[in-house]
Amino acid sequence: MAQRHHADMVIQRTHAAGDLSALTASWRRSAVKHGLDPAAQPRGPRIDGAALAQRRQRMDGFLHVAAPQIDALYRLVGASGCSVLLTDAEGIVLDRRVADADAAAFDGWDLAPGTDWSESAQGTNGIGTCLVEGRQVIIHRDEHFLSRNTAMSCLDAPIHGPEGQVIAALDVSSARADQTEPMNALIGAMVGQTARQIEAAYFRAAFVGARFVVAGDSGESLVAVDRDDLAIGATRDARRALGLPRLGALKPRPLADLIGRDDDMQGLDRAERAALTRALARADGNVSAAARALGVGRATLYRKMARLGLDAR
């Protein structure tokens, strides 16, 4: 009876012309675009072992980087009966953390590796809606499109790759009867923070040999800089903070131009001053050692330092 009431409510709201909420928009996509019936009781599509292994292999590097953060998140939420899932960009579950005693229950809810949790397969749900909308979502119980999923609370955040594209979703799901909305908000904050930590770790792994500059309010707002002080990459948070394109490879550009640093020097003078500053820093202010490293005489280095306003300190 409760599931029938839920299905009727979903159908009614999808036809309500004045309802412009994000949840109703997702329900409409589920019903109109994907042709799903909220009262249907299908088991979620699941790919076989070989196909799942291929998907995991394609994302092997990412899964390796993400594993420590997923383990840390599970240590925080696992004791409360939650599972932690990681999917690819199509909503296929690739990895899961769940207590042995709860595994059968989550398998019964199709929250298992290989299951398709895209919106096209399951309607409005944490994973699929998060991936479609590219933002963090909480889908609590009867906010799900399919009535069979209304026992669950799903808290999700997208994970973006080094070029800004959505590459995965991080999910914490629970079917606890006492899962409250304030509890969801607290766990949701953990999910969002973990997703950003995974993004930052994967970004660092993608730019081996670069140095990283924090360019925003958080430690995950990173710009990758090469040995010539050219910015060659930026995380999603950094792109937003610096007004950079949301997607695509970053066109190399001077870091100073990117972060808005300005001074009286232009062109080669600025580059030469930066090179001398680095050499002096590496030599702990020893001008003779810095001159040898640069391949110039000590007197020459002193003249350049005077012209560029540098001293050994």
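Here the numbering used here is used: the sequence shown runs in plain steps of one and ends on residue 508.
Glycine residues also receive a C-beta, built at the ideal position from the N, C-alpha and C atoms.
If you run the structure through DSSP and keep just helix, strand and coil, what is residue i?
| i | result |
| --- | --- |
| Thr430 | coil |
| Thr310 | strand |
| Pro233 | coil |
| Ser142 | Here the chain comprises residues numbered 196 to 508, so residue 142 is not present and cannot be evaluated. |
| Asp412 | coil |
| Ser348 | strand |
| Ile334 | strand |
| Ile287 | strand |
| Ile242 | coil |
| Phe398 | helix |
| Phe340 | coil |
| Leu445 | coil |
| Ala405 | coil |
Cα separation between residue i and residue j?
| i | j | result |
| --- | --- | --- |
| Leu271 | Arg292 | 12 Å |
| Cys349 | Ser342 | 14 Å |
| Gly276 | Arg477 | 52 Å |
| Ala211 | Met204 | 11 Å |
| Ile206 | Gln264 | 39 Å |
| Arg406 | Gly438 | 21 Å |
| Ala494 | Glu467 | 16 Å |
| Met378 | Arg251 | 32 Å |
| Ile334 | Leu326 | 13 Å |
| Ala401 | Arg253 | 15 Å |
| Asp255 | Asp290 | 11 Å |
| Ala363 | Gly286 | 8 Å |
With distances taken from CA atoms, which of the options is nearest residue i?
| i | options | result |
| --- | --- | --- |
| Ala312 | Asp421, Ile242, Leu381 and Cys277 | Note on identity: in this sequence residue 312 is Trp, with Ala being the wrong assignment. Here the closest residue by C-alpha is Ile242. |
| Val332 | Thr472, Leu417, Ala390 and Phe402 | Ala390 |
| Ser416 | Arg431, Ala405 and Gly480 | Arg431 |
| Ile393 | Val260, Glu285 and Ile334 | Val260 |
| Ala202 | Asp424, Pro233, Thr310 and Leu306 | Pro233 |
| Gly329 | Leu442, Val205, Pro449 and Asn481 | Leu442 |
| Thr319 | Ala307, Asp412, Ser221 and Ser369 | Ser221 |
| Thr219 | Val227, Arg208 and His229 | Arg208 |
| Ala235 | Val418, Asn344, Gly321 and Arg465 | Asn344 |
| Ser413 | Asp423, Ala433, Asp302 and Arg399 | Ala433 |
At which residues does the beta strand (DSSP E) containing residue i begin and terminate?
| i | result |
| --- | --- |
| Leu439 | Taken as a continuous stretch (DSSP letters only), Leu439 belongs to no beta strand (DSSP E), as it is neither H nor E. |
| Leu365 | Val361 to Ser369 |
For residue i, report the span of its alpha helix (DSSP H) as first-last.
| i | result |
| --- | --- |
| Thr495 | Arg493 to Leu503 |
| Ala211 | Ala211 -> no alpha helix (DSSP H), and no H or E assigned at all. |
| Val420 | Not the alpha helix (DSSP H): Val420 falls in the beta strand (DSSP E), residues Leu417 to Val420. |
Since residue i contacts residue j with CB under 8 Å, what's their CB separation in whole angstroms?
| i | j | result |
| --- | --- | --- |
| Asp516 | Leu280 | Given a span of 196 to 508 for the chain in the structure shown, any question on residue 516 remains unanswerable. |
| Asp351 | Ile322 | 6 Å |
Is residue i near the ligand NAP, judged by its Cβ being under 7 Å from some heavy atom?
| i | result |
| --- | --- |
| Ser315 | In the structure on display, the ligand NAP does not appear, and there are no ligands present to speak of. |
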